[in-house]
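Data first, discussion second: the structure below is written as structure tokens.
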Amino acid sequence: MKWKQMPLGPLQTNCYILWNDQKNCLIVDPGAEGEKLVSWLNEHNLKPLAILLTHAHFDHIGAVDTVRHTYNIPVYIDEKESEWLTDPGLNGSGLFGMGKIQAAPADRIITSEHTLTIDDFTLQVFKTPGHSPGSLSYYAQSEGIVFAGDTLFMGSIGRSDLPGGDHQELLSSIHDHLLTLPEETEVLPGHGPATSVGNEMDGNPFLNGF
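In terms of UniProt numbering, the sequence shown opens at residue 1 and continues consecutively.
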């Protein structure tokens with residue numbers, strides 16, 4: 001399989017596209033610039049099967065409806081943020097003066113950690129709250145990658161001062177789920193460059209001594 005990181009919108013939120021040899025693909029966090037994303041997908045003859053959201057902050061959901069309606073595909077989100085797509089007050093767009101960023105309710109609500117299978121894509125779903133109450137990470141063991149959202153970054157961690165955030169819970173999520181993965185696992189964050197579990201274990205100053 002192949003994957004692409006595509007930073008979108010004013011905050012350059014990373015959208016990821018993961019595709020197989022049959023050109024079927026999954027889309028993680030289509031945050032903005034829906035027409036640009038759709039144009040790229042069509043240019044490469046990719047066939048989206050689903051949208052996976054790591055969480056529902058405004059900068060991760062701005063292109064959800066454009067992509068969903070273009071390809072008639074379902075949107076997955078954690079149960080704790082099932083209301084956030086429709087509510088600018090919850091998703092933060094109102095708080096940050098970004099206008100009203102909204103999307104229709106999600107089609108699939110994730111209630112527990114489990115193995116998610118879509119076509120021949122297999123991902124382990126981890127609940128990794130702390131940045132937001134319903135933050136999720138999606139681990140593709142066969143590819144050695146984890147879509148970590150705004151939980152863990154290169155040399156940093158997600159902020160926990162937004163509504164519903166919790167610093168200690170964030171550290172626990174990172175320690176219990178992400179740092180237990182093989183050290184060579186690529187961490188694909190919601191912003192900035194990719195890193196690896198091993199690099200963050202060794203050099204992330206926010207994790208030292210935890």
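Here a beta-carbon is modelled for each residue, glycine too, at the ideal position from N, C-alpha and C.
- Comparing C-alpha distances from Leu-179 to each of Ala-106, Gly-92 and Phe-126 shows the shortest one belongs to Phe-126.
- Burial of Asn-14 is indicated by the presence of at least 16 other C-beta atoms within 10 angstroms of its C-beta.
- By the neighbour-count definition (other C-beta atoms within 10 Å, threshold 16), Asn-91 is a buried residue.
- Counting C-beta atoms within 10 angstroms of its own C-beta, Glu-200 has 16 or more neighbours from the protein chains shown and is therefore classed as buried.
- Under the 8 Å Cβ criterion, the segment 101-109 does not count as touching the segment 158-177, having fewer than three qualifying pairs.
- Within its own chain, the residues whose Cβ lies closer than 7 Å to the Cβ of Glu-33, once the five positions on either side in sequence are excluded, are Leu-8, Gly-9 and Ala-63, listed in chain order.
- With respect to Gly-155, Thr-195 sits close: the two C-beta atoms are nearer than 9 Å.
- The segment 76-84 and the segment 49-56 touch, with no fewer than 3 CB-CB distances between them shorter than 8 Å.
- Classified as buried, Asn-204 has 16 or more neighbouring CB atoms from the shown chains inside 10 Å of its CB.
- Boundaries of the beta strand (DSSP E) around Ser-137: 136-140.
- Burial check for Ser-39: the Cβ neighbour count within 10 Å stays below 16, so the residue is exposed.
- Inside the segment 116-170, DSSP marks whole beta strand (DSSP E) runs of 3 or more residues at positions 121-127, 136-140 and 145-149, from first to last along the chain.
- When rounded, the separation of the alpha-carbon atoms in Ser-142 and Leu-85 is 31 Å.
- Under a 10 Å Cβ-count criterion, Thr-117 is classified as exposed, with fewer than 16 other Cβ atoms of the shown protein chains found around its own Cβ.
- According to DSSP, Lys-4 shares a beta bridge with Ile-17.
- For Leu-162 and Gly-97, the gap between their C-alpha atoms comes out near 14 Å.
- Judged by beta-carbon spacing, Pro-189 lies within the 9 Å limit of Gly-149, meaning their Cβ atoms are closer than that value.
- If you compare the alpha carbons of Tyr-16, Leu-11 and Lys-23 with that of Asp-119, the shortest gap goes to Lys-23.
- Of the residues assessed, Arg-68 falls on the buried side of the cut-off, its CB having 16 or more other CB atoms within 10 angstroms.
- Pairing Ile-109 with Trp-3 gives a Cβ-Cβ distance that is not under 9 Å.
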